[in-house]
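**Q** Could you have a look at this structure, given as structure tokens, before my questions?
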Amino acid sequence: MTMKIEARTRLNENGRLVIPASFRKALGINPGDEVVLRLEDDELRVTTLKRRIERAQRHARKFIKPGVSLVDELIAERREAAKRE
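In this text, residue positions in the sequence shown follow our numbering: the first is 0, and each later residue adds one.
The following block contains the structure:
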């Protein structure tokens, strides 16, 4: 999803920033959600923890062969390790 929208806002005296409703809706941010802030190239990037996890999962899938279950592999490795102990 590549959307380019901008909005101007101001920090309040406590350094708080209000994320406009249209931005929260586009990002799927709801009250109480955890967000991740990142400084990148002198810009503040805001995303949700859920989106970061989804992005990491998509990236990891590139390196996993189809039909392979990492969970099953991990369980098998742990069982082998337990046998050796």
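Even glycine gets a Cβ: it sits at the ideal position worked out from N, Cα and C.
Could you check if I28 is buried or exposed, using at least 16 other CB atoms within 10 Å of its CB as the buried criterion?
**A** The residue labelled residue 28 in the question sits at position 29 within the sequence shown. With 16 or more other Cβ atoms within 10 Å, it is buried.
**Q** Taking the alpha-carbon positions, what's the K61 to N13 distance?
**A** Numbered from 1 along the sequence shown, position 62 holds the residue referred to as residue 61. Numbered from 1 along the sequence shown, position 14 holds the residue referred to as residue 13. Going by the C-alpha atoms only, they are around 43 angstroms apart.
**Q** Between which residues of its own chain and L36 is the CB-CB distance below 8 angstroms, once the five residues before and five after are set aside?
**A** Position 37 of the sequence shown, counted from the first residue, corresponds to residue 36. The residues are L43, R44, V45.
**Q** Let's see if you can read the secondary structure: which residues bound the beta strand (DSSP E) around R44?
**A** For the purposes of this step, residue 44 is taken as residue 45 along the sequence shown, with counting starting at 1. 42 to 47 is the span of the beta strand (DSSP E), which, as asked, contains R44.
**Q** Between the C-alpha atoms of R51 and K82, what's the straight-line distance to the nearest angstrom?
**A** Translated into the one-based positions of the sequence shown, residue 51 becomes position 52. Translated into the one-based positions of the sequence shown, residue 82 becomes position 83. Cα to Cα, R51 sits roughly 36 angstroms from K82.
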